[in-house]
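Down below is the structure, laid out as structure tokens.
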Amino acid sequence: MDTNILANIQRVNELRKRVKSHCMCLHYEEDENHVLVYYPEGFRIGGVRVSKGMGLAKALEKALEYMEKEWTESLPGYKIPV
0 MDTNILANIQ
10 RVNELRKRVK
20 SHCMCLHYEE
30 DENHVLVYYP
40 EGFRIGGVRV
50 SKGMGLAKAL
60 EKALEYMEKE
70 WTESLPGYKI
80 PV
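Taken in order, the sequence shown gives residues 0 to 81; the numbers are from numbering that gives the first Met the number 0.
Structure, rendered in structure tokens:
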């Protein structure tokens, strides 16, 4: 197999592990078109859904970005930047 393909598969697998092990990930799903992450109870939104249309690796990166933002904003004393 081409080394670029193997590197891309490895990158997707690593990002998938990071999403699944994140404290905001109660449940992880992938369907044909989306990455879905369900958050634990108590957060203002129930989770995140990101389109795979941008590519799976990019969708997983976006999911992590959204999860980090939601987690950070939930911390006591967090102030929204002006």
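We treat Cβ as the ideally placed atom computed from N, Cα and C, and that holds for glycine. Predicted, not measured: the structure shown is a model, and the values here were computed from it.
Requested in this report: Report the three-state DSSP secondary structure of GLY52 (helix, strand or coil).
Outcome: Under the three-state reduction of DSSP, GLY52 is assigned to helix.
Query raised in the report: Between TYR65 and LEU14, what straight-line distance do the alpha-carbon atoms span, to the nearest angstrom?
Result: Taking the straight line from one Cα to the other gives about 14 Å.
Query raised in the report: So what's ARG29 in DSSP terms, helix, strand or just coil?
Result: The amino acid at residue 29 is misidentified as Arg; the sequence shows Glu. In this structure, GLU29 counts as strand in the three-state DSSP scheme.
**Report entry** Given MET23 as reference, the closest of LYS16, VAL36 and ASN7 once Cα atoms are compared
**Finding:** Of the candidates LYS16, VAL36 and ASN7, VAL36 places its Cα closest to the Cα of MET23.
Report task. Given a cut-off of 8 Å, decide if HIS33 and VAL49 are closer than it, judged by their beta-carbon atoms. Result -> Closer than 8 Å, so yes.
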